[in-house]
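See structure below.
Protein chains: 2
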Amino acid sequence: MASQVNPPRGMRDFLPAEKAQRERVLSVIRSVYSTHGFDEIETPVMEESARLHSGLGGDNEKLSYGILKRGLTTDDLHAAKDALELADLGLRFDLTVPLARFYATNQAALPSVFRAIQIGSVWRAERPQKGRYRQFIQCDIDIIGEKGVLAEVELITATVATLSSLGIDGCTIRINDRRLLTSMLTVFGFPPSEHASVLITIDKLDKLGHDGVITELRDRAYPAGPIDALEAFFRRPQTMEFNPFGERAIRKALPEGADETAIAALVALAEALGDVSSLVFDPFLVRGMGYYTGTIFEVTHPSLGYSLAGGGRYDGMIGRFLGGDVPAVGFSVGFERIVDLVSLEGSATDDAVALLHDDDVPASVLVALKTGLIAQGSRVRLERKPRNLKPLFAQLAASGFQRVATVTADSTLESLEFRDLG
Amino acid sequence: MASQVNPPRGMRDFLPAEKAQRERVLSVIRSVYSTHGFDEIETPVMEESARLHSGLGGDNEKLSYGILKRGLTTDDLHAAKDALELADLGLRFDLTVPLARFYATNQAALPSVFRAIQIGSVWRAERPQKGRYRQFIQCDIDIIGEKGVLAEVELITATVATLSSLGIDGCTIRINDRRLLTSMLTVFGFPPSEHASVLITIDKLDKLGHDGVITELRDRAYPAGPIDALEAFFRRPQTMEFNPFGERAIRKALPEGADETAIAALVALAEALGDVSSLVFDPFLVRGMGYYTGTIFEVTHPSLGYSLAGGGRYDGMIGRFLGGDVPAVGFSVGFERIVDLVSLEGSATDDAVALLHDDDVPASVLVALKTGLIAQGSRVRLERKPRNLKPLFAQLAASGFQRVATVTADSTLESLEFRDLG
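Protein chains in written order, with our numbering: chain A, 1 to 422; chain B, 423 to 844.
Pasting the structure below:
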């Protein structure tokens, strides 16, 4: 019978051990970001439906959950032309649209350069599949109000430090700039109206390889000239020599005529970051979201086939609800991807003991012992003695309990005899 | 313009100082509950609509937010007889219905006596008014699988310890038992079919006083006999002598014929709790929710006009989705009510410094200094030097920064001169 009762499709329950692991990882992320000068904020999980569907969320808008308006009559239902008319609010599908709304609401109370931490759940009505959830946690840091590369530098430094505190070292940071992609496509001869669609194909380079990308573009019946130019560029022997990161490497990896402002920004970034981590210039890094306007970056690890974090500059978006441009850069850590990679132990000073008792031990005795042990600094669990101790001991050990003692009606704090668990 | 952009009605943004306070309070609550042997779990924010509307949530069911089904066609809208048909999921309005579902799903993996911590947001479409929010945090602890008063004792002890760790001492715990209320109404002659409705009026005793309750009951045209009996009982001189808590006080405060099992449970509870806190037997404590089956309790503070925490035994509910009775007791702390009462300081060892710089200081210099100070254990914020320092310094002090130094292009860690803020 119990097997028929499940959480909603694509959503998860977290049992004690998994929840404790998630909270430990979140606590490290919070703490390192805070050390790097970021301040945590929180917004409601819902935003107005019109704001969620204002074109800032890309494909994610289509995956957003609508909240049914209150007090709808049957007439309202019958008059509706589209289900969306019945939703005045929706659940956030990312933390960036809410941040833009938050900034518009609270700008007057925020510093002129605002470094935000946001940690919270987002919801997307994805087709359920392995590793894709309909409710998952995002951890974002954003710097709003800083035009220069200092913003990118602080975000990247803080993110590398966070991953390192979680024991994830040896990451590579792939960097590119949206303006370089655009200028490169222009050099090859793709008309601006086709750029967004061509980038969707180039974004699949990791999966399709050079030949696959060219084939897909030809299948789509783009004019041959620009595709030939891209193919020739792919075939240049030096294309893959992205590292070491610096002006020479950047220029070598780009065609003549690439955007000079973007090159200068990347060079400044490389100089400021020094040897903070393994930086790689990747002229074909795209990052899905259409709102990026400048630098884009992604953290990968040699042993993993997916990125651990990613972000970029999106100067047009934060000001959207304010009616003006506001410079902004963001970095998002893939919490659900890293939480299982990390092994963090509970605090070493955490003494956790279990007290086994039979039904005949009065509650007053149990409470007195528990209170006494807590006062001595222990975490205490009372357990009624089962017939078979083994499963209980395994469960206690999994919850981090280290010692166990049996309590009788005349036990005192001094008389308890503890044995080690497991 | 900014003033027109707001979070959804009845919901709140949390700016850095407020968010930090909330996280500090949550962290104390988590830690004390964990010390008392409870394990934190998490469920999705949504549950199936049918489960949320299964009668377990009382009036809150009517306030629940429905999630619009995906892929609805215009025909679906026009065929619907009721808006609820268009929602397959809903946002949780409390943490108790999700706990019952969680227990049914995961029982096989949980200990036979399961002590749960749940900390999370819930949503209710309340009419917006001061102090009532449509999204707010609940902090619940529940013990599932324990029939005896030990469960009540552990919940009350843990809650009192939590409030005390938050600096809230001197609370009073009012205790009653649903079975006593029922037996008392039977003694006075109210028919069982009227009990629920009479209890709604008695629940207003604090607000209406004895005379107000009697008047409201007479206005509702109940038979005079039972009302006269209740009125006579109210007038007994000893009714208000609830303290000290013990068998004599309990019997004195009840009419002849009150439920003996409940009296025995309260006496056992009083004995086990000893002098843990100021216990008061209140024979007219009702607690709103209809699902309570035994002990009920509420924490009040002499200086506050509202309760800080409340709970009770609800043996019928957890087993609802499993098809059997499962003993359960829960205690919920009114997080939104206490978060503003508490003054917790940031960690004392937290050295937080700001580095002021002009535009001409290279990003590489700033990052090197920041990284160096972080390595020495400081929290570091970079700030571009504004014309007017005063507002910036006030903001920094509010965010917990204690010292500030000005950086130039040739600054080194050794050459920085810090001055105290504020």
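From the three backbone atoms N, C-alpha and C, an ideal C-beta is built for every residue, glycine too.
First through last residue of the alpha helix (DSSP H) which encompasses residue i
i, result
"Q817(B)", "811–820"
"S456(B)", "438–457"
"A151(A)", "150–165"
"L279(A)", "Careful: L279(A) lies outside any alpha helix (DSSP H), inside the beta strand (DSSP E) at 278–281."
"V635(B)", "627–641"
Best match in the options for proximity to residue i [C-alpha to C-alpha]
i, options, result
"Y306(A)", "G316(A), R174(A), I263(A)", "R174(A)"
"I137(A)", "M317(A), V25(A), M184(A)", "V25(A)"
"D591(B)", "V721(B), G712(B), L627(B)", "V721(B)"
"L478(B)", "L621(B), I740(B), H458(B), V535(B)", "I740(B)"
"L396(A)", "T717(B), R537(B), L513(B), T594(B)", "R537(B)"
"Y644(B)", "D628(B), I539(B), D704(B), S615(B)", "S615(B)"
"F656(B)", "A827(B), E483(B), T637(B)", "T637(B)"
"Y133(A)", "M11(A), K370(A), G257(A), E383(A)", "M11(A)"
"F840(B)", "E462(B), D773(B), D782(B)", "D773(B)"
"G848(B)", "G553(B), D681(B), A547(B)", "Residue numbering for chain B in the displayed model covers 423 to 844; residue 848(B) lies beyond these limits and cannot be assessed."
"N528(B)", "A270(A), V5(A), L266(A), Q107(A)", "V5(A)"
"L15(A)", "A531(B), A502(B), D435(B)", "A531(B)"
"R642(B)", "D633(B), T623(B), R658(B), V789(B)", "T623(B)"
"R473(B)", "V702(B), L517(B), I463(B), S786(B)", "L517(B)"
"A375(A)", "C561(B), S587(B), R492(B)", "S587(B)"
Local Cβ density within 10 Å of residue i, reported as buried at 16 or more and exposed below that
i, result
"H463(A)", "Residue 463(A) cannot be examined here, being either before or after the span of chain A that is shown, 1 to 422."
"R735(B)", "buried"
"A654(B)", "exposed"
"N598(B)", "buried"
"T683(B)", "exposed"
"G631(B)", "exposed"
"P466(B)", "buried"
"Q135(A)", "buried"
"T584(B)", "buried"
"A20(A)", "buried"
"S837(B)", "exposed"
"A394(A)", "exposed"
"R431(B)", "exposed"
"R601(B)", "buried"
Any non-hydrogen atom of the ligand GTP closer than 7 Å to residue i Cβ
i, result
"F656(B)", "Absence of the ligand GTP from the depicted structure is noted, as is the absence of any ligand whatsoever, leaving it without description."
Three-state secondary structure (DSSP) of residue i
i, result
"A405(A)", "strand"
"Q135(A)", "strand"
"S3(A)", "Interpretation of S3(A) is limited by its pLDDT of 47, a score under 50 that renders its predicted location unreliable; the figure taken from the coordinates is listed afterwards. If DSSP states are grouped into helix, strand and coil, S3(A) belongs with the helices."
"D410(A)", "coil"
"R801(B)", "strand"
"I41(A)", "coil"
"F612(B)", "coil"
"D75(A)", "helix"
"D419(A)", "Before going on, a small fix: residue 419(A) reads as Arg here, not Asp. Of the three classes helix, strand and coil, the one that applies to R419(A) here is strand, per DSSP."
"L322(A)", "coil"
"R313(A)", "strand"
"T661(B)", "Only weak support exists for where T661(B) lies, its pLDDT of 48 falling under 50; the value from the coordinates is given anyway. Helix at T661(B)."
"H357(A)", "strand"
"V468(B)", "According to the sequence displayed, residue 468(B) carries Met and not Val. M468(B) falls in the strand class under three-state DSSP."
"V367(A)", "helix"
"A774(B)", "strand"
"G66(A)", "strand"
"T261(A)", "helix"
"L269(A)", "helix"
"T293(A)", "coil"
"S476(B)", "coil"
Extent of the continuous beta strand (DSSP E) to which residue i belongs
i, result
"R709(B)", "Premise fails: R709(B) is in no beta strand (DSSP E) and is neither H nor E."
"D510(B)", "509–513"
"I539(B)", "536–545"
"R596(B)", "594–599"
"S754(B)", "750–755"
Distance between beta carbons of residue j and residue i, contact taken as under 8 Å
i, j, result
"F321(A)", "A17(A)", "42 Å between Cβ atoms; not a contact."
"L68(A)", "L508(B)", "6 Å"
"G732(B)", "R709(B)", "6 Å"
"V187(A)", "P255(A)", "5 Å"
"S183(A)", "A268(A)", "Contact flag wrong, Cβ pair sits at about 18 Å."
"V153(A)", "V789(B)", "5 Å"
"L355(A)", "L369(A)", "6 Å"
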